[in-house]
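Numbering (the numbering used here), first residue to last: -15 to 244. All residues carry an ideal CB built from backbone N, CA and C; glycine is no exception.
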């Protein structure tokens, strides 16, 4: 499992790799957990965690990008990747195909909306008291998102526009192309922290998601998973979460993305 031949996209040269290389498939555009920084390098809370694990266990990391969680699962099933990351949701319907690590995050789904009653807004409109009030408004949906069905079932009277990534959908919100969209709460909380004057969010009990890392359902994958869970259990997750949610360099990266 450490000898897979696959095109290297991102590799951290500070890792020893004395025990081999682990291929990690990851979804981009999930700040602050997995995204590209201003120089184009992969970074984020989850990426940092993966590197720390590799450093402690003597691995090198080869990062591969995917477009959806289903695509990541295929990478694990065909042994093109050893670990799947990037805000990976635990899905019970996939437990026969892959393994999941211990839970990394828990979060309800939140509705992210802009403040329309501030002077910065080009429009002056209603201030929403709760998420249900903007059923019928223009909403955004991330392509290949697990939240598509949830959005349509809770806002049946809305018009929907699809976006390729978190940056794009957030930019559309700030540019007032849409009124809001559903996002997993930890991500929404991050945007609230770095843009408190522009957006708000309503944590709703639409559903609770649990986030983990995905692994191959093989003997080798199980060995790697056991090591990973050991490392996970000895890690201060709150410290990582707090660091990556308030880091000003992340906000600058988002700003740059929104301006291009």
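For residue 41, the three-state DSSP class (helix, strand or coil): Here residue 41 sits in helix by DSSP.
Residue(s) in a DSSP beta bridge with residue 148: DSSP output for residue 148 lists no bridge partner at all.
Reference residue 89, options 195, -1 and 222, closest by Cα: If we check each option's Cα against that of residue 89, 195 comes out closest.
Pair within 7 Å by beta-carbon distance, residue 16 and residue 179: Contact: no.
Residue 69, DSSP secondary structure in three states: Of the three classes helix, strand and coil, the one that applies to residue 69 here is strand, per DSSP.
Beta-carbon gap between residue 11 and residue 38 smaller than 7 Å: In this structure, residue 38 does not lie closer than 7 Å to residue 11 by Cβ.
Residue environment, residue 159, which counts as buried when at least 16 other CB atoms sit within 10 Å: With fewer than 16 other Cβ atoms inside 10 Å of its own Cβ, residue 159 counts as exposed.
Coarse secondary structure for residue 11, derived from DSSP in three states: Three-state result, residue 11: strand.
Residue 101 in three-state terms, based on DSSP: For residue 101, the predicted structure reports a pLDDT of 45, less than 50, and the residue's modelled location is therefore unreliable. A value from the coordinates is still provided. Residue 101: coil per DSSP, three-state reduction.
Residue closest to residue 69, alpha-carbon to alpha-carbon, out of 62, 48 and 80: With distances taken between Cα atoms, residue 69 lies closest to 48.
Sub-7 Å separation of residue 172 and residue 151 beta-carbons: Result no, Cβ atoms of residue 172 and residue 151 do not sit closer than 7 Å.
Test item: CB-CB of residue 126 and residue 142 under 7 Å: With contacts defined as CB atoms closer than 7 Å, residue 126 and residue 142 fail to qualify as a contacting pair.
Residue 228 (DSSP reduced to helix, strand or coil): The answer is helix: DSSP assigns residue 228 an H, G or I state.
Close beta carbons around residue 103, own chain, < 7 Å, minus the five adjacent residues each side: The predicted model places residue 103 with a pLDDT of 48, which falls under 50 and marks its position as unreliable; any figure quoted below should be read in that light. Once the five neighbours on either side are set aside, residue 103 has no close Cβ partner at all.
DSSP state of residue 107 mapped onto helix, strand, coil: Low local confidence applies: a pLDDT of 48 at residue 107 is under 50, so the model's placement there is unreliable, with the coordinate-based value given in what follows. Here residue 107 carries a coil assignment [DSSP, helix/strand/coil].
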